[in-house]
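Chemist: I'd like to ask some things about the structure below.
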Amino acid sequence: MRLNGRRLLSCGLGFFCLILCSYAAPLSFEDVSIAKGPQTSITIKEQSPLQLPCDYQMPDMYLQGNSVILRWRKDNKTFRQTELGRMSSTTREPQLETMVREDSRVALNKESGSLQFNSVLASDAGQYQCQVVIDGSVAASSISGVLMVIEQLKFVPQPTSKNLELGSLSKVHCKAQGTPPPQVKWMRETQLPLPANVTDQNGTLIFNHVTNEQRGQYTCIASNSQGQISATVSINVVVAPKFSVPPEGPIEVAETGTAVIHCQAIGEPKPTIRWDKDLTYLNENNTDAERFLLMENGTLEIRNVRPEDEGRYGCTIGSSAGLKREDVLLVVKSSKSASNSIVTRIIIVIICLAFLYFVLVLGLKVWYRYRRHLGKVQLEDGHANGPTDGQEHDHPENEPCLTEANSSKNLKSKLRESVILEQESQVADDIV
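With mature numbering (1 follows the signal peptide of the UniProt record, and there is no 0) applied, the sequence shown covers -24 to -1, 1 to 408.
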């Protein structure tokens, strides 16, 4: 029994070890290989064609029942790949397929496995490796090949002519690339030295203070062991356009009237002037030539103005030195609104006159009341100072000789004045 137990235990352990080893052991693709891959070192000139070989060997049974991918890697990253056998949905990489279709310079030959470049660029330099992948596992890999590209001597970008503003600080760049790195310098036309206030710093032409004497032809020269290239540009000195008489507003004009919108500009070269209405340029197709007149100095005149002419009118001045634009609002007043305006003004004038009349009457009333009060005071003073029976004067020799008739006459006159003042005050009250 002990012997049978030991045999049973050893058999169980052997079976468990067999299962464990079968799962732990990696897949073996000894019959899959790459006979020829890229060379270890490749040097080629830019814009030349190139083919990197990948001659793989593999039994057909892998192509029939497995997912097989031929993959090229650049600098340890997937560069291009293509499907050789049945492709499972878990290993599909649509982003790589899209990249292959969009790059017309690079093609991956499915039959030979070679990677073909129609025209090599400097950016193609790097380390390349070919692989065969079966069911997600790398079955075979080629040796790595380093691609070195001799970059062609060229300007990046090509220098172009420029307009420099008078009195400004300006720069003109000239950059070149190549293997080995080129030397770059500027010269003026016909080998003349650079003018004053112009310096060359590593291919950048610096104009410290632009003057008219600095205009002309300038040549950029780049050279290395491959040879020499040059590019000539024209430097022109300009004055940016600016408004000497800008459009000002808003402008109000009555219907059937004439609107004049001023716009004048200066600059070098002489700027052109274009008008637009609500951001739509005015031309012979959308304007009435008999009503819209553009004068030589840039002023826009609109005759026999209509309600539809109302809007924002923009004046754009421009030349090779730049563009500027300013606009103004044109308001068209209809005949009805004009008559309403006249009526409104008349009403305002009437109200003002009525107010002045009220102030005048009120002043007269106050004045009459003041005079009446003054008359009463004088009357009371007359009664108080008049002579009484049995009263003797302290200085009879200094008193005037007044008869009784004269005293009575003066008293009646003051009473009459008091009555008149009361009547005038009553009239003023009635007026108010």
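Note that the Cβ used here is the ideal one computed from N, Cα and C, for glycine as well.
Looking only at its own chain, which residues have a Cβ that is under 8 Å from the Cβ of Glu127, when we skip the five neighbours before and after it?
Modeler: Glu22, Ala98, Gln153, Gly154 and Thr155, listed in sequence order.
Chemist: Output the distance between the C-alpha atoms of Pro169 and Val125, rounded to the nearest integer angstrom.
Modeler: Approximately 36 Å between the Cα atoms of the pair.
Chemist: Rounded to a whole number of angstroms, what is the C-alpha to C-alpha distance between Leu129 and Asn178?
Modeler: Spanning the two alpha carbons is a distance of roughly 17 Å.
Chemist: As a quick exercise: from Trp251, Ser120, Trp48 and Phe5, pick the residue whose alpha carbon is nearest that of Met37.
Modeler: Per the Cα distances, Phe5.
Chemist: Which residue's Cα is closest to the Cα of Ala11: Cys106, Asn42, Arg47 and Ile322?
Modeler: Ranking the options by Cα distance to Ala11, first place goes to Cys106.
Chemist: Assuming Ala297 contacts Val214 (C-beta within less than 8 Å), just tell me the rounded distance between them.
Modeler: Indeed, because the Cβ distance is near 4 Å, the residues count as touching under 8 Å.
Chemist: When you compare the CB positions of Tyr289 and Leu270, do they come within less than 8 Å of one another, or not?
Modeler: Their beta carbons are not under 8 Å apart, which means Tyr289 does not touch Leu270 by this criterion.
Chemist: Please tell me whether Asn200 and Pro157 are closer than 8 Å, where the distance is taken between their beta carbons.
Modeler: It is a contact, given that the beta carbons lie within the stated cut-off.
Chemist: Between Ala1 and Asp51, what straight-line distance do the alpha-carbon atoms span, to the nearest angstrom?
Modeler: With a pLDDT of 40 at Ala1, under the threshold of 50, the modelled position of this residue cannot be trusted; read the value that follows with caution. Roughly 30 Å separates the two Cα atoms.
Chemist: Among all the DSSP beta bridges, which residues are the ones paired with Cys196?
Modeler: Trp162 and Ala207, per the DSSP bridge assignment.
Chemist: Counting only the same chain and skipping the five closest in sequence on each side, list residues whose C-beta sits under 6 Å from that of Gly292.
Modeler: Correcting the residue type first, residue 292 is Thr in the shown sequence and not Gly. Answer for Thr292: Arg250 and Arg301, listed in chain order.
Chemist: According to the Cβ coordinates, are Pro226 and Val281 closer than 8 Å?
Modeler: Not in contact: Pro226 and Val281 (Cβ atoms no closer than 8 Å).
Chemist: Who are the Cβ neighbours of Glu228 in its own chain at under 7 Å, not counting the five residues just before and after it?
Modeler: Closer than 7 Å at Cβ, skipping near neighbours: Val307 and Lys309.
Chemist: Mark Gln159 as exposed unless 16 or more other C-beta atoms lie within 10 angstroms of its C-beta, in which case mark it buried.
Modeler: Classification for Gln159: exposed.
Chemist: Could you give the DSSP three-state label for Ile45: helix, strand or coil?
Modeler: Three-state DSSP puts Ile45 in a strand.
Chemist: By how many angstroms is the C-alpha of Thr248 removed from the C-alpha of Thr234?
Modeler: Rounded to whole angstroms, Thr234 to Thr248 spans 24 Å at the Cα level.
Chemist: Within 10 angstroms of its Cβ, does Ile318 collect 16 or more other Cβ (buried), or is it exposed?
Modeler: Counting Cβ neighbours within 10 Å, Ile318 comes out exposed, since fewer than 16 surround it.
Chemist: Compare the C-alpha of Ser206 against each of Ile278, Ser120, Gln193 and Lys218 and name the closest.
Modeler: Of Ile278, Ser120, Gln193 and Lys218, the residue nearest in Cα terms is Gln193.
Chemist: Going along the chain, which residues of its own chain have a beta-carbon closer than 7 Å to the beta-carbon of Asp100, five neighbours each way excluded?
Modeler: Counting only Cβ-Cβ distances below 7 Å, and skipping sequence neighbours, we find Phe93, Leu123 and Val125.
Chemist: Per DSSP, what kind of secondary structure is Thr320 in: helix, strand or coil?
Modeler: Correct three-state label for Thr320: helix.
Chemist: When you compare only the Cα positions, how much space is there between Ile18 and Gly121?
Modeler: If you take the alpha carbons of Ile18 and Gly121, they lie about 7 Å apart.
Chemist: So, are the CB atoms of Phe131 and Lys161 less than 8 Å apart?
Modeler: No, Cβ-Cβ distance for Phe131 and Lys161 is not below 8 Å.
Chemist: Around the C-beta of Val44, are 16 or more other C-beta atoms found within 10 angstroms, so that it is buried, or is it exposed?
Modeler: It counts as buried.
Chemist: For Thr16, which option in Gln40, Gly339, Thr54 and Gly102 has the closest C-alpha, if you only look at C-alpha atoms?
Modeler: Here the closest residue by C-alpha is Gly102.
Chemist: Grouping DSSP H, G and I as helix and E and B as strand, with all else coil, what is Asn188?
Modeler: Helix, per DSSP.
Chemist: Return yes when the Cβ of Val114 is within less than 8 Å of the Cβ of Ser146, no when it is not.
Modeler: No, they are not a contact pair.
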